[in-house]
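Report on the structure given below.
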Amino acid sequence: MTGAAAAGSPVDGVLATASIVLSLVLALWSLVAAVRSRPPDRWQLIGLVVLELALLALAVVALVAIGGGERPGEPGAFFGYLVTLVCLPPLAAVLARMEPTRWGSAIVCVVCLVTPVVVVRLQQTWEVLGG
985 MTGAAAAGSP VDGVLATASI VLSLVLALWS LVAAVRSRPP DRWQLIGLVV LELALLALAV
1045 VALVAIGGGE RPGEPGAFFG YLVTLVCLPP LAAVLARMEP TRWGSAIVCV VCLVTPVVVV
1105 RLQQTWEVLG G
């Protein structure tokens, strides 16, 4: 993420980094719970809510930038990743509540491992210039 494209990207910064770190911490926490055969607890679900709020803030920043005239390098892929990104934590919460076993914690773990990948792909699709 070096160069002029990264410097002007609304999806590359403190908010994206915080989202990635939060997601990885929650993934580790959920992995420990799954290994210990623990179902998802209230704190995992609260973590998913906090993660969702951070991702929604990231989405709002991106949409405001687009409203201000900036454009992602690959608009179709960018919007696909953006929608996917904001849907992941609620999906994890619903599935974890439906599976009140260690596998519910595993679901939270996997979704929280996928989330940083989607954030990075979101950044990459913004920065692509002309393909």
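Take the sequence shown: its letters are residues 985 to 1115, numbered as in this note's numbering. Glycine included, every Cβ here is placed at the ideal spot set by N, Cα and C.
Shown here, V1048 sits in a helix according to DSSP, grouped into three states. Going by C-alpha positions, L1012 is about 21 Å away from M1082. Around the beta carbon of P1024, 16 or more other beta carbons lie within 10 angstroms, which makes this residue buried. Close CB contacts of V998 within its chain, under the 7 Å cut and outside five residues either way in sequence, are absent.
Listed in chain order, the non-local C-beta contacts of L1035 below 8 Å within the same chain comprise S1003, L1006, S1007, L1010, P1073, C1096, T1099, local neighbours out to five positions each way being set aside. Nearest to W1087 by C-alpha distance, out of D996, S1014, A1000, is S1014. With respect to A1090, L1029 sits apart: the two C-beta atoms are not nearer than 8 Å. With fewer than 16 other Cβ atoms from the protein chains shown falling within 10 Å of its own Cβ, S1021 counts as exposed. CA-CA distance, V1044 to P1084, rounds to 33 Å.
The same chain holds no residue with a CB closer than 6 Å to that of T1001 once the five nearest residues on each side in sequence are set aside. In this structure, the CA atom of D996 is about 21 Å from the CA atom of V1033.
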